[in-house]
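FYI, in numbering that gives the first Met the number 0 the residues of the sequence shown are 0 to 639.
Quick reminder that beta carbons are idealized off the backbone N, C-alpha and C, glycines included.
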Amino acid sequence: MAKFCVMPQDYHAGVRAAISFGGRTARARILCACIRQPPNPPQKVPMSDTPADITREAQPYQVLARKYRPETFADLVGQEAMVRTLKNAFESDRIAQAFVMTGIRGVGKTTTARIIAKGMNCIGPDGQGGPTVEPCGQCEHCVAIAEGRHVDVMEMDAASRTGVGDIREIIESVHYRAASARYKIYIIDEVHMLSTSAFNALLKTLEEPPAHVKFIFATTEIRKVPVTVLSRCQRFDLRRIEPEDMLAMLKRIAKAEGAEIADDAMALITRAAEGSARDAQSLLDQAISHGAGETTADQVRAMLGLADRGRVLDLFDLIMRGDAAGALWEIGAQYSDGADPMAVLRDLAEVAHWVSVIKITPETAEDPTVSPDERTRGQAMAEKLPMRVLARMWQMLLTALEEVGNAPNAMMAAEMAVIRMTHVADLPTPEELVKRLKDAPTPPPMPGGGGGAPAPVGNGGAHAQGGFAPSGPSGSSGPAGGPTALAVAQASESALAQYARFEDVLQLIRHHRDGLLQVQVEEYVRLASYQPGRIEFTPTDDAPKDLAARLAQRLQGWTGVRWGVTLVNGCEEPTVSEVRDGEKLALRQEAEAHPLVQAVIAAFPKAKVSEIRSAEDLVHEAAVEGLQEVEDEWDPFEEE
Ligand SMILES: [Zn+2]
């Protein structure tokens, strides 16, 4: 007896499909290599829309995955591209020496391999046909291959036979001609499992295979197959089966089985199968045996262990509305109904993703696997919820999943996560806070604003003291992020809004009649940057050392908000008084050029213009002079 599996394939597949559900495929396959029993007679069940002539009553029970295994390319669901390529190759007589099929499990790789094997060896009903993509299914080769008992079609599972010895066996047999068929065909499933030495041994044969030998490899992990092997194969990527195709297939089978299954129940199965036809058929099998009469979505949901999607949407909605109590109650109710906290959070994450996708591409909602009710709710949420909120929910759910996984009590951790989510679901982002800060309307000027000039409103307009025209709040980047900074920013928002420009700060100092501070700020401060609440300057050489600290302290005292006053190096902006001096010089030149002054100088040659005073200057000086004696009041601060 050959070591690799030459037993009737249909029988093996039956065993495998029966126990492969739930991820125990490997074990099932080992079983299948050991069991030696005569196969059930094969059944020819075309997966067409006219399954009426199926005679089921005489047959022993067969799992659906086996019963409805595609026998021709036309039966293959959703693999049109591959079929077209194969067809061209067959018709132009350019059949590759080796093929590799890749795709997720249950998508039809080994089934495809067998159909290709049939196509290559089919001789047609009359015994005269050549290789074809439409194997007749009647000739001796088609029948034998379908039954898995063709002597020239050998199938082995690399998952259980990885060694070089197994491959050597093949390599030695390669040189013998096919016993009865056109080609000797080796089908190696899960080929990526072969050991390196096995691959190397195989490679020699692949490089120069005899003309009568064909290899068909199947793998779920194409990246693990050496490039040297891949480069000698024609590669087919079997696509995940689209939900529409899968639904149509399930409906066809259910109809053929005479089983009544609700559409939303089929949709659930389709979604759970994740593109694998074999899984979908196994699930359908289970669903049919579960239900007496029509199988409902609820039954399938229970069978799949899924939380009720409607309830997941309810929970999502409660969280998004910030209703912590309602959300807690809902997750508690789901928990007592048997839902796994981890699964609930995973479902929530799925909803967050789903709603985000609908937001970007609204057509996505038209997914047939989603019930109309869910669809409407998803669309409504997508319209209402901003993307940043959805993105944050996703982030938080990922974190929550990790926490729940590590927590000693999963439910507690899930509840904490839900509470946290309800609280931050709709907080603005740092960017939005900054934007709000910038866009905030300037409140009316301070009541009783001194000094005559009203507090400027808005950011526009040139400033009298050109050198000090501040960059305004829109200038540089916003306050640093982080929750603390955010809270402060929020609290200070209104308090700071009225100090949009540095001139407003000067005005504030003037208003509080702190003459010394005013003079010092005007004389010693080279302003590097200004935002409400944040001042950076380079002090002149003769500036008092405590100027920044004192300025910050005074501003905080007056505004009730913390001000950051920082010394920086290298700013060469003129101080306020330098600007004023420049203006004075210009004024003096203007004055000296004035005809009246010229006339005076002409009359009194020794006369000079010593000072030019505007009415405003006089008021200002009077204010400063009148307050000199209060200097002692803030001595204590100077000590700091
Ligand atoms: Zn045939």
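DSSP lists I184 as the beta-bridge partner residues of K213. The criterion of a C-beta distance shorter than 8 Å is satisfied by F98 and I215.
Bridge partners of L526 according to DSSP: F536. As the crow flies, the alpha-carbon of M119 is around 37 Å from that of I287.
Counting along the chain, V226 sits inside the alpha helix (DSSP H) bounded by residues 226–229. Bounds of the beta strand (DSSP E) holding D236 are 233–236.
Taken in chain order, the complete alpha helix (DSSP H) segments of 4 residues or longer contained in the region 261–315 are 262–272, 276–289, 296–303. Judged by beta-carbon spacing, V504 lies beyond the 8 Å limit of G532, meaning their Cβ atoms are not closer than that value. In its chain, beyond the 5 residues on either side, no residue has a beta carbon closer than 6 Å to the beta carbon of E133. In terms of CA proximity to L193, R222 leads the group R222, P209, H352, L396. Relative to the Cα of Q233, the nearest Cα in the group D366, G107, A296, A88 belongs to A88. F198 is not bridged by DSSP to any residue. For T161, no alpha helix (DSSP H) encloses it, and the DSSP letter there is neither H nor E.
The region 125–145 makes no contact with the region 263–277, as fewer than three CB pairs between them are under 8 Å. Counting only heavy atoms of ligand 1, the residues whose C-beta sits closer than 5 Å to one of them are, along the chain, C121, P134, C135, C138, C141.
Contact check for T294 against I260 passes: the beta carbons are separated by less than 8 Å. L202 is not a Cβ neighbour of T161, given a cutoff of 8 Å.
In this structure, the CA atom of Q378 is about 22 Å from the CA atom of E241. Judged by DSSP in its simplified three-state form, D336 adopts coil rather than helix or strand.
The alpha carbon of E171 has as its nearest neighbour, out of T558, P208, M100, the alpha carbon of P208.
Secondary structure note for M248: its alpha helix (DSSP H) is the uninterrupted segment 242–256.
The shortest C-alpha to C-alpha distance from T565 to any of G331, P538, K66, A399 is the one to P538. By the Cβ test, the region 341–357 is in contact with the region 397–412, since at least three Cβ pairs between them sit closer than 8 Å. Taking all protein chains shown into account, Y60 has fewer than 16 neighbouring C-beta atoms within 10 Å of its C-beta and is therefore exposed.
DSSP places T110 inside the alpha helix (DSSP H), whose first and last residues are 108–120.
Around P225, the same chain offers F198 as residues with beta carbons nearer than 6 Å, after the five sequence neighbours per side are excluded. For W562, same chain residues with a beta-carbon under 6 Å away, outside a window of 5 residues either side, are G532, A551, L554, Q555 in chain order.
The three-state reading of DSSP puts T375 in helix, counting H, G and I together.
A Cβ-Cβ distance of about 7 Å is found for the pair I186 and A116, placing them in contact under the 8 Å criterion. With contacts defined by Cβ atoms closer than 8 Å, I103 and R308 do not form a contacting pair. In the three-state reduction of the DSSP assignment, G105 falls in the coil class. Within the same chain, and ignoring the five residues on either side of D284 in sequence, the residues whose Cβ sits closer than 8 Å to its Cβ are V62, L63, A64. In this structure, DSSP gives A97 an extended state, which the three-state scheme calls strand.
The Cβ-Cβ distance between L317 and G325 falls below 8 Å. When Cβ pairs closer than 8 Å are counted between the two stretches, the region 359–378 is seen not to touch the region 404–419, the count staying below three. By the criterion of a C-beta distance shorter than 7 Å, V354 is surrounded in its chain by G377, M380, A381, L384, L389, once the five residues flanking it on both sides are discounted.
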